[in-house]
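Here the structure is laid out as structure tokens; the discussion comes afterwards.
Numbering (our numbering), first residue to last: 1 to 207.
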């Protein structure tokens, strides 16, 4: 009888241990139109394409796309508490700032909002990543440099993981951009998916 019980416990241990060892990675994406599939169907955007890739690999990564076209850091700050409570992510990826820059918002406000987004995520026990953002050069070299440098500064001050701007691989290529020359088109989305697949892998492996 004792031998049977021990054998049952041993088998149960073998079954349960792999499941508990593979904790899910739930990544909340706070982004703007670049991640919200602007001008495209949702299933054509890089986020859904990446989730499809994870699913095909039977990966334990779940993407929650909370991106909104036109979103600013201030707008995300008003939503983040509810999103963190609803999804309880293990990771938060912040792809924001472009609309702040395009509207000429003060760099100091951009930095303050990004810092607060990261602190709120960290307080919810989520690991944070911040994507570096570039804006068109017509805003002047001084503002453009101050704007882009903000992401490195915030990353250092908050210990958030800094990601390279993922659109750089397709920006400026007419066959990969929509008519506004700001948003990647359908053809560019698999390129962005592959870029983010590698970037997120590096981020998760750093944990």
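For each residue, glycine too, the CB sits at the ideal point set by N, CA and C.
Computed from a predicted structure; not experimentally measured.
Going by beta-carbon coordinates alone, are residue 64 and residue 49 separated by less than 9 Å?
no
Starting from residue 118 and walking both ways along the alpha helix (DSSP H), at which residues does that stretch end?
107-123
For residue 176, which residues of its own chain have a beta-carbon under 8 Å away from its beta-carbon, when the five flanking residues on both sides are left out?
Closer than 8 Å at Cβ, skipping near neighbours: 170, 184, 185, 187, 188 and 191.
Below 6 Å CB to CB, which residues in the same chain sit around residue 210 once its five sequence neighbours on both sides are set aside?
Within the shown structure, residues of the chain are numbered from 1 to 207, placing residue 210 beyond reach of any answer.
So what does residue 161 bridge to, in DSSP terms?
129
Please identify the residue among 43, 45, 34 and 62 whose C-alpha is closest to the C-alpha of residue 200.
62
In terms of residue numbering, what span does the beta strand (DSSP E) encompassing residue 30 cover?
25-31
Express the C-alpha separation of residue 77 and residue 113 in angstroms, rounding to a whole number.
7 Å
Could you work out which residue in 118, 146, 79 and 129 is closest to residue 105 when comparing CA atoms only?
Nearest C-alpha to residue 105: 146.
State the DSSP-derived secondary structure class of residue 40, mapped to helix, strand or coil.
DSSP places residue 40 in the coil class of the three-state scheme, outside both helix and strand.
How long is the line joining the alpha carbons of residue 100 and residue 115, rounded to whole angstroms?
For the pair residue 100 and residue 115, the Cα-to-Cα distance works out to about 14 Å.
Helix, strand or coil for residue 182 per DSSP?
coil
Note down the Cα distance separating residue 40 from residue 34, rounded to an integer number of angstroms.
Their Cα atoms are separated by approximately 11 Å.
Would you mind giving the Cβ-Cβ distance between residue 56 and residue 45, rounded to the nearest angstrom? I have them listed as a contact below 8 Å.
With 8 Å as the limit, residue 56 and residue 45 do not qualify as a contact, their Cβ atoms being about 17 Å apart.
According to DSSP, simplified to helix, strand and coil, what is residue 61?
strand
When we look at the beta-carbon of residue 168 and count the other beta-carbons within 10 Å, is it buried (16 or more) or exposed?
The residue in question, residue 168, is exposed, as its Cβ has fewer than 16 Cβ neighbours within 10 Å.
Can you tell me whether DSSP reads residue 94 as helix, strand or coil?
strand
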